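Just so you know, we're using full-length UniProt numbering here: the sequence shown kicks off at 1 and counts up by one.
Just so it is clear, CB atoms sit at the ideal spot from N, CA and C, and this is done for glycine as well.
In this text, all values refer to a predicted model and were calculated from it rather than measured experimentally.
First comes the structure, then the notes that go with it.
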Amino acid sequence: MKALLGAQDVWDTVENDFEEQDEASLSQGVKETLKESRKRDKKALFLIYQSVDEDTFEKISNATTAKEAWDKLQTCNKGVEQVKKIRLQTLRVNQLKRNGEDVDEVKVMEKILRTLNPSFDFIVTNIEENKDLKTMTIEQLMGSL
């Protein structure tokens, strides 16, 4: 994906987050630069959206910048071998959501933590004691494992 974004000359937009600014106090030259930056960010975000499958798209669809989408992708893909089981559960949850079921993310995260094998016990204990599941996302949980 880096090659695609680099070929389209938007990789630097993904690496360096785009910051929205109030246009009222900006000069014309800065406004044009801001407009170009917005355009490049949206182009990068579009390319990222087009490069992922449906389930991954659901995880990043609420991202407003290319950097935010890229960071979510990185968080979701950490420790691929260790979280295959979690990914399968996440796919099931996504399927339930697509079919109209109302699924509480905290309950999903609790189920994920309960179903991990015993080698994850110390990590599960650490997460339960030090992190608030109500404010945590599934992507952050997967990154913590």
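Item	Value
Start and end residues, alpha helix (DSSP H) containing Asp-12	11-15
Span of the alpha helix (DSSP H) around Phe-57	54-60
Residues near Glu-139 in its chain [Cβ-Cβ closer than 7 angstroms; skip 5 each side]	Lys-59, Lys-72, Thr-75, Cys-76
Opening and closing residue of the alpha helix (DSSP H) in which Leu-141 lies	138-144
Pick from Asp-121, Glu-54, Asn-117, Glu-129 that is closest to Arg-92, judged by C-alpha positions	Glu-54
Stretch pair the region 24-43 + the region 93-105: three plus CB contacts closer than 8 angstroms	no
Segments of 4+ residues assigned as alpha helix (DSSP H) that fall wholly inside the region 60-140	66-76, 84-98, 105-115, 121-130
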